[in-house]
Amino acid sequence: MITLKELFLKNNAQTSTSPNMLEIESASGIYLYDTQGKRYMDLVSGFAVSNIGHRHPHVIDAIKAQLDKFLHLTVYGEYVQSPMVRFAEKLISVLPASLNNVYFVNSGAEATEGALKLAKRFTGRTGIISCYQSYHGSTHGALSVMGNEQYKQKYRPLLPDVSFIHFNETSELDRITETTAAVIIETVQGEAGIRVASNDYMLALRARCNETGTLLIMDEIQAAFGRTGKLFAFENYGIEPDILLLAKALGGGMPIGAFIANRDVMGALKENPILGHITTFGGHPVSCVAGLASLEVILNEDLVKDVNKKGELFRSLLIHPLIKEIRGKGLMLSIQLDNFQQVEAISKYCAGQGLIIDWFLHCETAMRIAPPLIITEEQIQDACKIILTALDSFQEAN
Ligand code: PLP
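Residue numbers (UniProt numbering): 1 to 398.
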């Protein structure tokens, strides 16, 4: 009989020649369970999605309650659907006053697309500046602002009038001019292997955008919802974006994205012509109730409070001759090794021991540590023991 794994390889489109192939039966809290009953601690959070852990009961209850009311009704922006209204209200209540209008979409890439279009419409300009090593999604528009030529060259021509600056290089900020519609930047660069901007850089970037009338789009698709020790990563810098991009942890495990701006800015999409950006499923009711419930969990359980302490614990335990550096903020961390061979071997060893770690799209020499924020100190100690043993065994074998 053909196995599920064989069917997966045969019938489901593949994104690489070496998929992970874990076959998961169930997930709960910080653990995944495979079909053999083996337990895995998830140090990746489904790529920064499961900040409150997998299948949090409050989220599951909210989803179940919505299933008895309605699913999809009509395209985004027409009917008054309570899940999206309540979720937007809650999001706005925890954001700065200027970010008071939410456009719900389905994914991170769509949030990027919507924001780029909005910046062009609002400013009447075409120039977009992005950063080398950035990742904002995989659709054509998002790919156009991705800072890695390797992934782009086969898909050209892409969007015109896009240029790149080096992340954290204040001297390059004068490339932002009166013709620049927007700068799009990850508040903390994720796929670059977790690169944290300096405070001075972020302040100078905000100031330069103000000077030139350029909209500052901050992509917190990976960094928001407590991951960096603040509810939103821009709070670490005391600045505010003009457009904020959210997805991943936004839905508490359900698919949803959003771009959030000031009401005056967002108004540019609604007329002349109307329907400047539309989506059938954006703000899906089940995703919105899940997202609202997830945000309630983060706030009510004060999950952000201990994030920095937990990040510090990882840093203090992960001391090993093979570790060159640990970068990051809060529980958005990367362990810098020397080469991909090490990263691959350590990840494989850890998986064998029931621990899931991964690497980065633009940085194969570092390992990703992004556990659910609910991880306990004891669980961090267990995880680090496995990582250190993996490093020891690699060192012995090589
Ligand atoms: N922006 C950032 C910073 C991301 O990390 C990602 C996904 O990894 C995206 C955008 C794209 O999100 P999605 O995969 O939901 O399209």
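Even for Gly, the Cβ is constructed at its ideal location relative to N, Cα and C. Just so you know, these numbers come straight off a predicted model, no measurement behind them.
For R208, there is no enclosing beta strand (DSSP E); the residue is part of the alpha helix (DSSP H) that begins and ends at N199 to T212.
Taking a contact to require three or more Cβ pairs closer than 8 Å, the region 221-228 and the region 185-193 qualify as touching. Not one heavy atom of the ligand PLP is found less than 8 Å from the C-beta of I165. Of A370, D382, Q342 and I374, the smallest CA-CA separation from L317 is found for D382.
Boundaries of the alpha helix (DSSP H) around M266: R263 to M266.
The ligand PLP never approaches L231 closely enough for any of its heavy atoms to be under 8 Å from the residue's Cβ. Three or more Cβ pairs closer than 8 Å define a contact, and the region 385-395 meets that threshold against the region 329-349. DSSP lists M332 as the bridge partner or partners of K329. For I217, same chain residues with a beta-carbon under 6 Å away, outside a window of 5 residues either side, are A115, A182, I184 and I243 in chain order.
Secondary structure in the region 228-267: the beta strand (DSSP E) runs of 3 residues or longer, each lying completely within the stretch, are 243-246 and 257-261 in chain order.
In the same chain as P160, and ignoring 5 residues on each side of it, no C-beta atom comes closer than 7 Å to its own.
At a threshold of 8 Å, Y76 does not count as near the ligand PLP, since its beta carbon sits no closer than that to any of the ligand's heavy atoms.
Apart from the 5 residues on each side of it in sequence, G29 sits with its Cβ closer than 6 Å to the Cβ of G53 in its chain, given in chain order.
Relative to P321, the option among K310, R327, L337 and L299 whose CA is nearest is L337. Shown here for V145: same chain residues with a beta carbon closer than 8 Å to its own, the five before and five after excluded, namely T112, L116, I128, S130, S134, H136, L159, V162 and I184 in chain order. Here the C-alpha atom of N308 lies approximately 12 Å from the C-alpha atom of A370.
Here the alpha carbons of Q395 and A258 stand approximately 44 Å from one another. Note: V105 is bridge-paired with G257 in the DSSP secondary-structure output.
In this structure, the ligand PLP has a non-hydrogen atom nearer than 8 Å to the beta-carbon of A109. DSSP places I380 in the uninterrupted alpha helix (DSSP H) bounded by E377 to A397. Taking a cut-off of 8 Å on C-beta distances, the region 290-299 does not touch the region 145-154, as fewer than three cross pairs fall below it.
Of the other Cβ atoms in all chains shown, 16 or more fall within 10 Å of the Cβ of K310; this residue is therefore buried. DSSP places A182 in the strand class (E or B) of the three-state scheme. Relative to the ligand PLP, the beta carbon of Y135 is positioned inside 8 Å of a heavy atom. Runs of beta strand (DSSP E) with 3 or more residues, each lying fully within the region 82-167, are found at 101-105, 127-131 and 162-165, listed in chain order. Counting along the chain, the unbroken beta strand (DSSP E) around I24 starts and ends at I24 to S28. The alpha-carbon separation between G251 and S93 amounts to approximately 17 Å.
DSSP places Y33 within a strand segment (E or B) once states are collapsed to three. In the DSSP assignment, E312 falls within the unbroken alpha helix (DSSP H) covering V307 to L317. Under DSSP, Q189 forms a beta bridge with R195. By the criterion of a C-beta distance shorter than 8 Å, V343 is surrounded in its chain by L337, W359, E364, T365, A366 and M367, once the five residues flanking it on both sides are discounted. In this structure, F234 has its beta carbon at no less than 8 Å from each heavy atom of the ligand PLP. Remark: the C-beta of E186 is in contact range of the ligand PLP, defined as less than 8 Å to any heavy atom.
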